[in-house]
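Trainee: Chains as they are written, first to last, in our numbering: chain S, 836 to 1025; chain G, 20 to 80; chain W, -7 to 208.
For glycine and all other residues, C-beta sits at the position ideal for the given N, C-alpha and C.
Remember, it's a predicted structure, so these values are computed and weren't measured experimentally.
Got a structure for you, questions after.
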Amino acid sequence: MELVSLFIGLTFVNNVVLSKFYAICPLLGVSKKPKNALNMGYAVTFVIFLASIITYLLYYHVLTPLGITYLDLITFILVIASLVQFVEMFLKKTSPEIYKSMGVYLPLITTNCAVLGVALDNISAGYTLIEAMVAGLAVPIGFTLVIYVFATIRERLEIANVPESFKGTPIALITAGIMACAIAGIAGLV
Amino acid sequence: MTIWAILWLVILIAIFIGTYLLNKHTPKPEGCEDMSECVGCNNIACSHHSAHHKEEVKNAD
Amino acid sequence: MKKFDVFKKGLFVENPIFVLLLGLCSSLAITTSLTNAIGMGMAVICVLLMSNFIISLLRKIIPNEIRIPVFIVIIATLVKCVQMLMNAYTPALYESLGVFIPLIVVNCIILGRAESFASKNGVVDSILDALGMGLGYTFAVLIISFFRELIGTGGLSLYNPFDASQIIFQFSFFSDYAISLFTQPAGAFITLGTILAFIQFLKVRKANKAKKAEVK
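Here it is, written out as structure tokens:
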């Protein structure tokens, strides 16, 4: 069951936020309220899953046959940006409620290191299509978990007795560090 | 070989600019006008960043 | 001295990492050693300089409607060029920076400066701003990696990026007492959090002093 261990590995052990440092900006910026964090997580999951499939297919079926793999970076970023624009337009037209809750975060995902990072990692790790799909699901689910837990912790930090110079971002970062310790502790799982 | 590269680039850029313009001209559903709650990060590429709203107000005037 | 102010603000007052909190992804990931930090700083300065230069040259020609897509295309092209150059001339650095060189494309600093400064100001100002921001970024990343490497491995080392076997300096102070947590991801968060706390402490102290002076 390699796919299962790949999934667990990417979600928990090699969690993209806490061990590979993708998606730090949204982590610090969006995670003040748990509900917002969850909405961000949905949006990110949707985009990363689609993006990893599309970029994988484009790399192996368009760029490699034509011998222009040096255009991989430009291709990926343009595809991701177009996908985000398309998804946002689609949501605006079909479902205003969903757009109201999670559409706010969609433009943010274009410059999210996680999307481009997953696309590039899928290629450099030499995954098959199925493995790329699993990675495209595991990575954003891991991200959502972390950002949700982080948001709940931050809610309580707001009313906790934090020293003056640590209030706000510094204590949030140290919390993230402790969470990273926890994640590193289960490194032996896979 | 380079002709394919240039062609591919043109296709991609056309798709991107196309979707970007389509998205920009799609009106937001009602109730979503004031998304100023997103003051979390300083990512200026995000279309909900306050810098863009100030510019729209200036253009409207 | 207005030109010098444009350059200076990127260093301290609007330091991209410590004040604006942009581009944290790469800054936390590559600060495991001084060599990586300097290499990444150089790459970011290159890309920032060229992108600010090109965008401020073209700012009157790019239609206002599609400026963000055009910026992204320009920046992606530049980053790919820099990546290929690094692969050729600094292979050891390319190996250790890994996927974070292409991730300069989505580094909020580059797009942020292009959108907020280079598209509205002249060429010379944009170049100065790029230099200031780039040096501010390099300075910040150097500080973080200084602490991480010192506490994490008990020493400091710097290699010539163009020729990995040539060691510029290599100190080893107390490798028996090194806390290897700091070279791991958890340590990156803790280091950055502590540095930001220190900066906030300085700010709070300055604000308190100003309040006391006002009361008197």
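1. How many Å lie between S/A1022 and W/I93 at the Cα?
2. Please name the residue or residues paired with W/S164 in a DSSP beta bridge.
3. Using CA coordinates, which residue listed in W/L89, W/P153, W/D117, W/P55 is at the minimum distance from W/T82?
4. Give, in chain order, every residue of the segment 974 to 999 of chain S whose Cβ lies closer than 7 Å to some Cβ of chain W.
5. Expressed to the nearest angstrom, what Euclidean distance is found between the alpha-carbon atoms of W/L148 and W/I60?
6. Answer yes or no: does any C-beta atom of chain W fall closer than 9 Å to that of S/F881?
7. By Cβ distance, which residues of its chain are closer than 7 Å to W/L142, with the 5 residues on each side in sequence left out?
8. On the premise that W/L3 lies in contact with W/G128, defined as a C-beta separation below 8 Å, what is that separation, rounded to the nearest angstrom?
9. Beta-carbon separation of S/I944 and S/V882 under 9 Å?
10. Looking only at DSSP bridge pairs, what is W/I159 linked to?
11. Could you tell me the distance, in whole angstroms, from the CA atom of G/E56 to the CA atom of S/P861?
12. Is W/S111 helix, strand or coil by DSSP?
13. Please say whether W/A68 and S/I912 have beta carbons closer to each other than 9 Å?
14. Residues of chain W with CB under 7 Å from S/Y857, in chain order?
15. Taking the C-alpha atoms as reference points, what is the distance between G/V58 and S/Q920?
16. Looking at chain W, is there any beta carbon in it that lies within less than 9 Å of the beta carbon of G/I36?
17. Going along the chain, which unbroken runs of the alpha helix (DSSP H) with 4 or more residues stay wholly within the segment 942 to 986 of chain S?
18. Terminal residues of the continuous alpha helix (DSSP H) containing S/S917?
19. Can you tell me whether DSSP reads W/V116 as helix, strand or coil?
20. For chain G, is any of its Cβ atoms less than 9 Å away from the one on W/P94?
21. Report the residues of the segment 78 to 112 of chain W with a CB closer than 7 Å to any CB of chain S, ordered along the chain.
22. Using C-beta distances below 8 Å, list every residue in its chain close to S/S854, excluding the 5 sequence neighbours before and after it, in chain order.
23. Decide if the segment 872 to 881 of chain S is in contact with the segment 929 to 949 of chain S; the criterion is three or more beta carbon pairs, one per stretch, under 8 Å apart.
24. Could you name the residues of chain W that G/L40 contacts, counting a contact when the two beta carbons are closer than 8 Å?
25. Would the segment 114 to 128 of chain W count as touching the segment 35 to 44 of chain W if we require 3 or more Cβ pairs under 8 Å?
26. Based on Cα-Cα distance, which residue from S/N850, S/L845, S/E837 lies nearest to W/A178?
27. Going along the chain, which residues of its own chain have a beta-carbon closer than 8 Å to the beta-carbon of S/G977, five neighbours each way excluded?
28. DSSP state of G/P46, grouped into three classes?
29. Considering only the alpha carbon of each residue, which of S/K870, S/K868, S/Y891 lies closest to S/L964?
Mentor: Short version:
1. Translated into positions along the first sequence, residue 1022 of chain S becomes position 187. Translated into positions along the third sequence, residue 93 of chain W becomes position 101. Taking the straight line from one Cα to the other gives about 26 Å.
2. As a position in the third sequence, residue 164 of chain W is number 172, starting the count at 1. Bridge partners of W/S164: W/G147.
3. In the third sequence, the residue the question calls residue 82 of chain W occupies position 90. Closest option to W/T82, Cα to Cα, is W/P153.
4. E999
5. Within the third sequence, residue 148 of chain W is the residue found at index 156, counting from 1. Within the third sequence, residue 60 of chain W is the residue found at index 68, counting from 1. Between W/L148 and W/I60, the C-alpha separation is close to 41 Å.
6. Start at 1 with the first residue of the first sequence, and residue 881 of chain S comes out as number 46. False, the Cβ-Cβ gap to chain W never drops below 9 Å.
7. For this step, residue 142 of chain W is matched to residue 150 along the third sequence. Result list for W/L142: L148, in chain order.
8. Your numbering for residue 128 of chain W matches position 136 in the third sequence. Your numbering for residue 3 of chain W matches position 11 in the third sequence. Yes, they are in contact, since the Cβ atoms of W/G128 and W/L3 sit about 5 Å apart, within 8 Å.
9. Sequence index remark: in the first sequence, residue 944 of chain S carries index 109 (1-based). Sequence index remark: in the first sequence, residue 882 of chain S carries index 47 (1-based). For S/I944 and S/V882, yes; Cβs fall inside 9 Å.
10. For the purposes of this step, residue 159 of chain W is identified with residue 167 of the third sequence, where counting begins at 1. Answer by DSSP bridge pairing, in chain order: W/Y151.
11. Translated into positions along the second sequence, residue 56 of chain G becomes position 37. Translated into positions along the first sequence, residue 861 of chain S becomes position 26. The predicted model places G/E56 with a pLDDT of 49, which falls under 50 and marks its position as unreliable, so this point remains unresolved.
12. As a working note, residue 111 of chain W is residue 119 in the third sequence. Correct three-state label for W/S111: coil.
13. Sequence index remark: in the first sequence, residue 912 of chain S carries index 77 (1-based). Sequence index remark: in the third sequence, residue 68 of chain W carries index 76 (1-based). Yes, these two residues count as a Cβ contact at 9 Å.
14. Start at 1 with the first residue of the first sequence, and residue 857 of chain S comes out as number 22. C17, listed in chain order.
15. The count along the second sequence starts at 1 and reaches residue 58 of chain G at position 39. The count along the first sequence starts at 1 and reaches residue 920 of chain S at position 85. Model confidence at G/V58 stands at a pLDDT of 49, short of 50, so the residue's coordinates are unreliable; what they give is reported in the following sentence. When rounded, the distance between both Cα atoms is 21 Å.
16. What you label residue 36 of chain G is simply residue 17 of the second sequence in a count that begins at 1. Chain W, which has a Cβ nearer than 9 Å to the Cβ of G/I36, makes this yes.
17. 948 to 959
18. To locate residue 917 of chain S, count along the first sequence from 1; it is residue 82. Run containing S/S917: 907 to 929, per the alpha helix (DSSP H) assignment.
19. For the purposes of this step, residue 116 of chain W is taken as residue 124 along the third sequence, with counting starting at 1. Helix, per DSSP.
20. For the purposes of this step, residue 94 of chain W is taken as the residue at position 102 of the third sequence. So no, W/P94 is outside the interface.
21. V91, P94, L95, V97, V98, C100, L103
22. Sequence index remark: in the first sequence, residue 854 of chain S carries index 19 (1-based). Hits under 8 Å: V848, A1015, I1018, A1019.
23. yes
24. In the second sequence, the residue the question calls residue 40 of chain G occupies position 21. Here the neighbours are E57, I58.
25. yes
26. Taking the third sequence and counting its residues from 1, one reaches residue 178 of chain W at position 186. Among S/N850, S/L845, S/E837, the Cα nearest to that of W/A178 belongs to S/N850.
27. The residue you call residue 977 of chain S lines up with position 142 of the first sequence. Here the set comprises L845, T846, F847, N850, V851, V852.
28. Mapped onto the second sequence, residue 46 of chain G falls at position 27. Coil, per DSSP.
29. The count along the first sequence starts at 1 and reaches residue 964 of chain S at position 129. For S/L964, the nearest C-alpha among the options comes from S/Y891.
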